[in-house]
Structures are given as structure tokens and as C-alpha cells.
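Taking it in order: structure first as C-alpha cells, then the write-up.
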Amino acid sequence: MNETVSIITPVYNSEKFIKQCIDSVLAQNYTDWELILSDDCSTDSSVEIIHEYLRRDKRIKLIQSVTNNGAGIARNQAIKQAAGRYIAFLDCDDFWHEQKLAKQLEYIRKNNLELVFSQYYVVEGDSNLPNFKICSPKTVTYKRMLCNDYIGFLTLLYDTKRIGKILMPEIRRRQDWAYKLKLLKSLKIAHGIQEPLAFYRIGNSSLSSNKIKLLKYNFKIYHEELGYSWLNSILRMINFLVHYFYYKAVSKKKVNYQHTSS
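Position one of the sequence shown corresponds to residue 7 (our numbering), numbered consecutively onward.
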């Protein structure tokens, strides 16, 4: 099997940030990758911008949906077409450090792991310079993940040769957290690089920018996806809220970001 990384990027009305997203992939020190952009019926110039890149680099590919189905289904369309051994995720308004893939692949191979993640920076609004970083833990188990989402989806990378190609739950909201639970249920543990290798943007139209508003979707995952009773799902939702505020307080660290190229 090849050593290609298939990068999965759902796209919806992302003309403002899609160039930066794609450019951060083109800038990767590790060059054996394919970027699969799955457009979910954008109504802005996103697709036109992507076509400019398609003409420049054959590693970049585009899937276009005929109906708007949400990010989960858009990602699954890309996962099904992924040809690489490794799968990574990058949303259209986020971007990566140029060493993201190289450092994660070195780590996953050296330690004989199935899945890795990393810490990440947070940028706000239109800014490209982070004010703080999220200090993700060294390891995350399935049981721990049930209490809070400790893994930035844009930092996730896993080996399909070791665990197979996994599809996302086809739900509109919180499918990324449900997907990580699905992965960890079989893996038992995930390992995190203690270095920020990606940039997560908040303050946009994405619902994921406000976790409190997503509590009702957490309940649906506990109850409908994981099969817990109504009472157990409510208790777990409350427990999630407590863990979320505690983790936010201890993991968020101010930074004075200085960009350095290797």
C-alpha cells in the first residue's frame, strides 16, 4: 500500500478562506498527499476558486454534490474516493502548519500507532495570527472522549491499513465528535503530539464555534447514536458540560506566535 495521505475537506460557501486552506496543504513538507475537496452545493465562488487549483496540481481533486447534505455526507463522499493509506481532515476555513503531515507521520510510524492528533492554535475571525493554543492531552481514551471532545478534528490522522477506512455518521451536527468516538471505541486510545500543528478558526458561521448551542446534538448522539437511555443521555450531557468548561479553562494558553519556516 502507498504512503499517500488523503486529506478530506468539506466545502460550503468558503470563498473567503478556501485559498488559505489549500495553500497550507500545498506548503506541506511531506508531499505525497491528495486533497479531496467535497463541495456541498456552494452558492458563492468556492468552486471557481478550487478549479484554479485543479489546473495547477493533479493532487487536488473535487467532488460536487447535487444537493446540500451537510458536512458528514460530504466528508463520506471524499472518504469513499480516498486512495491513500492515511486519512486526515481539514475544514475549508482552517489551515495547517507546513510540518503538520511530516511530523505526524514520523510520530505514527516511529511509535507503531494507528491514530495520532496534536495540539492546535486558535485564530479568531479574519485574523491569521493566533492569540492562544489548545494544549490537547497526551492520550485520549474512548471513556474520556465520552465526557468531552479532546481532539481537534483538523489534527486527526489515522492509518487505514491498521484500522480500515471508517465512514462518518451521516448526521447534520456533531458528526466529527461522533466519528472520533467511533474510531476510539475500537482503538481504545489515541496519542497526541504535544505541539500545535494546525490553526482552527472561530467566529465564523460554523455551529461548532459555540459548543453550548450544540448540547442538544450531544444528547442526540448519546441517545440515538450510542444507544443510552433518555436519563443516562441527559446525565452524560450535563457531565459533558462540566468537563467542557474545566477543559477550556486548563487547556487554553496565551501565545505570542512567531511563524518560522523549516
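Beta carbons: idealized from backbone N, C-alpha and C, even for Gly.
What separation, rounded to the nearest whole angstrom, lies between the Cα atoms of residue i and residue j?
i, j, result
"residue 78", "residue 176", "5 Å"
"residue 55", "residue 26", "11 Å"
"residue 260", "residue 129", "12 Å"
"residue 137", "residue 23", "19 Å"
"residue 150", "residue 200", "18 Å"
"residue 100", "residue 111", "20 Å"
"residue 144", "residue 195", "10 Å"
"residue 207", "residue 131", "7 Å"
"residue 257", "residue 251", "10 Å"
"residue 186", "residue 58", "33 Å"
"residue 174", "residue 48", "21 Å"
"residue 52", "residue 237", "43 Å"
"residue 163", "residue 121", "6 Å"
"residue 157", "residue 50", "30 Å"
"residue 68", "residue 246", "36 Å"
"residue 166", "residue 253", "30 Å"
"residue 182", "residue 62", "30 Å"
"residue 184", "residue 43", "21 Å"
"residue 203", "residue 153", "24 Å"
"residue 72", "residue 168", "33 Å"
"residue 224", "residue 190", "17 Å"
"residue 116", "residue 262", "31 Å"
"residue 11", "residue 85", "11 Å"
"residue 213", "residue 140", "Low per-residue confidence applies at residue 213: pLDDT is 40, beneath 50, and the placement is therefore not dependable, though the value from the model is reported in the following sentence. So the alpha carbons of these two residues sit roughly 19 Å apart."
Mark residue i as exposed unless 16 or more other C-beta atoms lie within 10 angstroms of its C-beta, in which case mark it buried.
i, result
"residue 228", "buried"
"residue 133", "exposed"
"residue 211", "Note that residue 211 scores a pLDDT of 44, beneath 50, so its modelled location is shaky; the value from the coordinates is reported in the next line. Classification of residue 211: exposed, given that the 10 Å Cβ count is below 16."
"residue 90", "buried"
"residue 8", "exposed"
"residue 94", "buried"
"residue 241", "exposed"
"residue 20", "buried"
"residue 66", "buried"
"residue 29", "exposed"
"residue 230", "exposed"
"residue 226", "buried"
"residue 198", "buried"
Cβ of residue i within 7 Å of any heavy atom in the ligand GTP?
i, result
"residue 47", "With respect to the ligand GTP, the structure shown offers nothing to examine, as it has no ligands at all."
Going by DSSP, name the residue or residues bridged to residue i.
i, result
"residue 139", "127 and 259"
"residue 95", "14"
"residue 45", "17 and 70"
"residue 207", "129"
"residue 202", "125"
"residue 236", "Answer is none; residue 236 lacks a bridge partner."
"residue 102", "204"
"residue 33", "Its beta-bridge partners do not exist; DSSP assigns none."
"residue 196", "146"
"residue 40", "12"
"residue 50", "DSSP, once it has assigned bridges, lists no residue as partnering residue 50."
On the premise that residue j lies in contact with residue i, defined as a C-beta separation below 8 Å, what is that separation, rounded to the nearest angstrom?
i, j, result
"residue 179", "residue 220", "6 Å"
Exercise. Do three or more CB pairs link the region 96-110 to the region 35-42 at distances below 8 Å?
Worked result: yes
Exercise. On the three-pair Cβ rule with 8 Å, is the region 14-21 touching the region 61-81?
Worked result: yes
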